[in-house]
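First comes the structure, then the notes that go with it.
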Amino acid sequence: VDLYQFVTPDPVEKAISNAASNLSEPITIGSSLLQGDTENAGNATQRFLINSTVGVGGLGDPATDMGIEARREDLGQALGAHGVEAGPHIVLPILGPSNLRDLVGDLPVMVLNPLPLAGTVAKGAVEYSGKQDTVRSIGEGAVDPYVAEREAYEQNREYEVRNGNIPAPNLDIPSK
Numbered sequence: 214v215d216l217y218q219f220v221t222p223d224p225v226e227k228a229i230s231n232a233a234s235n236l237s238e239p240i241t242i243g244s245s246l247l248q249g250d251t252e253n254a255g256n257a258t259q260r261f262l263i264n265s266t267v268g269v270g271g272l273g274d275p276a277t278d279m280g281i282e283a284r285r286e287d288l289g290q291a292l293g294a295h296g297v298e299a300g301p302h303i304v305l306p307i308l309g310p311s312n313l314r315d316l317v318g319d320l321p322v323m324v325l326n327p328l329p330l331a332g333t334v335a336k337g338a339v340e341y342s343g344k345q346d347t348v349r350s351i352g353e354g355a356v357d358p359y360v361a362e363r364e365a366y367e368q369n370r371e372y373e374v375r376n377g378n379i380p381a382p383n384l385d386i387p388s389k
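Numbering (our numbering), first residue to last: 214 to 389.
As structure tokens, then:
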């Protein structure tokens, strides 16, 4: 990934990231619909159409400039929203951290249309290259860096599944 950053000019990295992001919009549409989130499905549809045309095949992101913000959704999030537990944490070569629920959600996409997977790999490489320092810092002071990174990933994933609506903790305080 360091080599990728070194040899790829920033505008090219951005264009690759935009195109990969655009390829994931149809997945966002379907996942949002499975969750009953027609508003996000509509936004993703608009983003896909605008970025595929005005954005020259998704290389640009004029939809964001027009105020149509992206909120990525995937089938793992749809499964989580319907109560499917995350299951064991796994780390996949090239793709990075995941869990059993998300892997099961990604399998139909990989089989039916591998282009979003290719886009995800490209986007993941670009994003990871920009987050290497953060990932390293999570594990640096930890007794077990794997556990620290796993927990950070799983907590972030739960936040994504709930679209940022995390319930307040149940503080069962005994009364006197």
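Virtual Cβ for every residue (Gly too), placed ideally from N, Cα, C.
Candidates the options: which alpha carbon is nearest residue i's?
i	options	result
Lys227	Gln290, Ser244 and Pro275	Pro275
Thr301	Ala294, Pro310 and His295	Looking at the sequence itself, residue 301 is Pro, so the reference to Thr does not match. Answer by Cα proximity: Pro310.
Ser244	Pro224, His295 and Ser230	His295
Arg285	Leu246, Ile386 and Glu353	Leu246
Leu236	Glu373, Asp346 and Ser265	Ser265
Pro321	Ile229, Pro222, Ile240 and Val220	Ile240
Ala283	Tyr372, Val317 and Glu252	Glu252
Given a cut-off of 7 Å, decide if residue j and residue i are closer than it, judged by their beta-carbon atoms.
i	j	result
Val299	Leu272	The sequence as given places Ala at residue 299; Val does not occur at that position. No. Outside cutoff.
Leu288	Arg314	no
Glu238	Ala254	no
Ile281	Gln259	yes
Ile351	Ala365	yes
Val374	Gln248	no
Return the first residue and the last residue of the alpha helix (DSSP H) that residue i is part of.
i	result
Leu305	Here Leu305 belongs to no alpha helix (DSSP H); instead the beta strand (DSSP E) covers His302 to Leu305.
Ile386	Segment: none, Ile386 is in no alpha helix (DSSP H) and carries neither H nor E.
Asp223	Asp223 to Leu236
Val374	Pro358 to Val374
Across which residues does DSSP place residue i in a beta bridge pair?
i	result
Asn174	Nothing about residue 174 can be read from this structure; the chain reaches only from 214 to 389.
Chain B beta carbons: is any one of them nearer than 7 Å to that of residue i?
i	result
Asn231	Absent here is chain B; the protein component of the structure consists of one chain.
Pick out the complete beta strand (DSSP E) segments inside the region 242-297, 3 residues or longer, and give them in chain order.
-> Fully enclosed beta strand (DSSP E) runs of 3 or longer: not present.
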